[in-house]
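A short worksheet on the structure shown next.
2 protein chains.
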Amino acid sequence: MPELRIDIDAIGRNTESVAALLRSRGLDLVAVTKGCLGEPRVASAMLAGGAVAIADTRDRNLHRLRSALPNVELHRIHLPSFSEPFEPGDVTYVSNREGAEAVASLGQGHGSGGRKVMIHAETGDEREGVPMDLLLELATEIAADPRLRLLGVATNYACFKGKPEGIRRSVEAIARAAAELRQAGLGLERVSGGNSSLLWLLAEGHALPAEVTEARCGEALLLGRDALYYQPLPGCRTDACLLRAEVVEEYTRPAARGPARRLVLGIGRQDLGTGAVKFAEPGLSEVGRSADYTVVEAGEACPRTPIGTMIDMIPSYEALVAVWTSPYVELALVNRL
Amino acid sequence: MPELRIDIDAIGRNTESVAALLRSRGLDLVAVTKGCLGEPRVASAMLAGGAVAIADTRDRNLHRLRSALPNVELHRIHLPSFSEPFEPGDVTYVSNREGAEAVASLGQGHGSGGRKVMIHAETGDEREGVPMDLLLELATEIAADPRLRLLGVATNYACFKGKPEGIRRSVEAIARAAAELRQAGLGLERVSGGNSSLLWLLAEGHALPAEVTEARCGEALLLGRDALYYQPLPGCRTDACLLRAEVVEEYTRPAARGPARRLVLGIGRQDLGTGAVKFAEPGLSEVGRSADYTVVEAGEACPRTPIGTMIDMIPSYEALVAVWTSPYVELALVNRL
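Order-wise, the sequence lines are chains A and B.
Numbering follows my numbering, in which position 119 of the first sequence is assigned residue number 121; successive positions increment by one, without gaps.
Numbering follows my numbering, in which position 126 of the second sequence is assigned residue number 128; successive positions increment by one, without gaps.
What follows is the structure in structure tokens.
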């Protein structure tokens, strides 16, 4: 059975490094746990490392987190669903009137001043978010609803169609929008400038607009890299999440450049999706994968890998999410705090 | 929450149609349940529909099946793993000496004559399987091992690199190999000619070589299509597996050909992988997906789809496997036998 080996201590230290980088620019870290299915032990390490709140997209994860960490501020960063209640978040992200109404219909919640809402605005990634020309109207409606409390605005970039070079335009757009809403008399405590892709700007020494108060990071904490160019971040380990799968077959077969040693690993798309993995061993390159297998070519640089050998891989974020989701991969949490 | 609606009765009737198609050529149906995570209620419908055995790739699924269906012949069609025992199968597929030894080391099992083994041979798909020039040696070794019983040979095609036009060469290669092994004095009861991709040949009226005794089909039973050109099979329903996801956002946005209505559905790669889906509604086309969302363009042919609407989709096999794997999709088994 493949194994996903998660070094909790390394994730905690990655979080410290990312939180320090953000803090040096006056920004808070909201830690995103969707990549680890809202695993509370990972969330605890992120909180110990300096995160001020936990964010997740899935209600099932938020319920887990709420049970384990009753006093932590939870952000529900997925757009509201109308087919079921979505109680577990303290802060809900909405992008339209219907979403705001769905949150409002849950009642005022335990706190005073109504349920806290962040408005998600679209700044170039072409995925979710209210278009900029409709933001003021939506914000005004939310601010006027006594069941809701407009906490701030947020955006996301580099998760869908946004090209890396557009990151600065994205964060400047959300900052400008926040300034305009404030000029229109709307109070905004928080401006969430983006995800782990923002960290590339910070690591490169760029400044963010003064309006931005926080970033939502998950990928960087788990994998130690920014999510724009996937560069290692200062002080972060990139091997906190390690995947191991077994060689179940090894034959020399015809290949493009003459006969080649081909390994079949006992892990496939059902476990990895199509997200990339990086082999720890030199000389290994992936040929492809099907539902249950990954086929790998072993070049001359690769030592012998007899059947039964466990092959170490560093998953990309997409592969990590898939691996953590698969019930066919054994999860090993090591170095627990 | 997205919903996967499985019509058990329709799968049973698809199985009857596929079993009849195979039986008309003298072939047995071995039903593959990896696409439904070894769900015993689906497996029961497949057995009632005429399957002679159940095959799966995952031990966890095989354990579920063994508990629910103690007397059914179970095929473990994944290559043996060495990191853990793999007891649940009655018939194990191997492709190398190490795999055969791993099965032999489990002891003789309950039956007489040793543990039943099928040798998986490679016939053009470039994934797993013993190369043809090594088959006789491996078969001879297995036949000589008193702990093992050589049941037959098997191959697989169109799961990895094999192009559709090579299907005939694949099935002819395994048939020829079986004939050669028999000429060498090895007894082979069974020759498993391939998966649901073989059904295209049969539906088109082609004959299979006389040596082939059975096919392993899962995709065709669940989705009602062959797995080569994905054509509907005679007597099969293609909507036995229906996926529904919610519209959580709808805005008119700039697009390639002017402003377009864009929907955001509350389902993403964590649930669907990258496998295709087909929308039941006309006028919908997918723009792309990220971990939590699928973005869809709604053309003029598509009626209004207000936020909260459930959108129906027929998943491809790859998407179906991912959806069934995701804990964030509600499984609804309807029309149970």
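From the three backbone atoms N, C-alpha and C, an ideal C-beta is built for every residue, glycine too.
Remember, it's a predicted structure, so these values are computed and weren't measured experimentally.
DSSP state of residue i, grouped into three classes?
i	result
Leu31 (chain A)	strand
Asp147 (chain A)	coil
His65 (chain A)	helix
Glu128 (chain B)	coil
Gly115 (chain B)	coil
Leu81 (chain A)	coil
Glu320 (chain A)	helix
Thr94 (chain A)	strand
Val325 (chain B)	helix
Arg271 (chain B)	helix
Val336 (chain A)	strand
Thr142 (chain B)	helix
Thr311 (chain A)	coil
Tyr9 (chain A)	Before going on, a small fix: residue 9 (chain A) reads as Asp here, not Tyr. If DSSP states are grouped into helix, strand and coil, Asp9 (chain A) belongs with the strands.
Ser46 (chain B)	helix
Arg25 (chain A)	helix
Val155 (chain A)	strand
Thr296 (chain A)	strand
Met3 (chain B)	coil
Val105 (chain A)	helix
Leu71 (chain B)	coil
Thr254 (chain A)	strand
Leu286 (chain B)	strand
Leu137 (chain A)	helix
Arg306 (chain A)	coil
Arg2 (chain A)	With chain A running from 3 to 339 in the structure shown, residue 2 (chain A) is simply not present.
Val266 (chain A)	strand
Arg259 (chain B)	coil
Val279 (chain A)	strand
Taking only beta-carbon atoms, is residue i less than 8 angstroms away from chain B?
i	result
Asn98 (chain A)	yes
Leu81 (chain A)	yes
Pro211 (chain A)	no
Thr142 (chain A)	no
Gly40 (chain A)	no
Gly290 (chain A)	yes
Ala102 (chain A)	no
Ala293 (chain A)	yes
Gly268 (chain A)	yes
Glu86 (chain A)	yes
Arg255 (chain A)	yes
Arg271 (chain A)	yes
Val105 (chain A)	no
Val325 (chain A)	no
Between residue i and residue j, which are expected to be in contact by the criterion C-beta below 8 angstroms, what is the C-beta distance as a whole number of angstroms?
i	j	result
Arg99 (chain B)	Glu143 (chain B)	6 angstroms
Leu23 (chain A)	Leu204 (chain A)	5 angstroms
Ala334 (chain A)	Glu5 (chain A)	6 angstroms
His340 (chain B)	Asp273 (chain A)	The question about residue 340 (chain B) has no answer, for chain B in this structure spans 3 to 339.
Glu248 (chain A)	Ser328 (chain B)	Actually they do not touch by this definition, with Cβ atoms about 24 angstroms apart.
Val54 (chain A)	Leu31 (chain A)	6 angstroms
Glu252 (chain A)	Thr307 (chain A)	7 angstroms
Gly36 (chain B)	Asn63 (chain B)	One point to set straight first is that residue 36 (chain B) is Lys, not Gly, in the sequence displayed. Yes, Lys36 (chain B) and Asn63 (chain B) are in contact; Cβ-Cβ is about 6 angstroms, under 8 angstroms.
Leu210 (chain B)	Gly195 (chain B)	6 angstroms
Gly268 (chain A)	Val279 (chain A)	Not a contact, Cβ separation roughly 14 angstroms.
Cys38 (chain B)	Leu224 (chain B)	7 angstroms
Is residue i close to chain E? Criterion is C-beta to C-beta, closer than 8 angstroms.
i	result
Pro329 (chain A)	In the structure shown, chain E does not exist; the protein chains are A and B.
Any beta carbon of chain A sitting closer than 8 angstroms to that of residue i?
i	result
Tyr231 (chain B)	no
Val250 (chain B)	yes
Pro133 (chain B)	yes
Glu130 (chain B)	yes
Asp314 (chain B)	no
Ala258 (chain B)	no
Val297 (chain B)	yes
Glu320 (chain B)	yes
Gly310 (chain B)	yes
Val336 (chain B)	no
Val214 (chain B)	no
Unbroken stretches of the alpha helix (DSSP H), 4 residues or longer, contained in the region 164-244 of chain A: 169-185, 200-205, 221-225
What are the residues in the region 149-167 of chain A lying within 8 angstroms of chain B by C-beta distance? Cys161, Phe162, Lys163
Using a beta-carbon distance cut-off of less than 8 angstroms, what residues from the region 273-286 of chain A approach chain B? Gly275, Thr276
Within 9 angstroms of chain A by C-beta, residues of the region 33-62 of chain B in sequence order: Lys36, Gly37, Leu39, Thr59, Arg60, Asp61, Arg62
Given a limit of 8 angstroms on CB to CB distance, which residues of the region 113-124 of chain A reach chain B? Glu124
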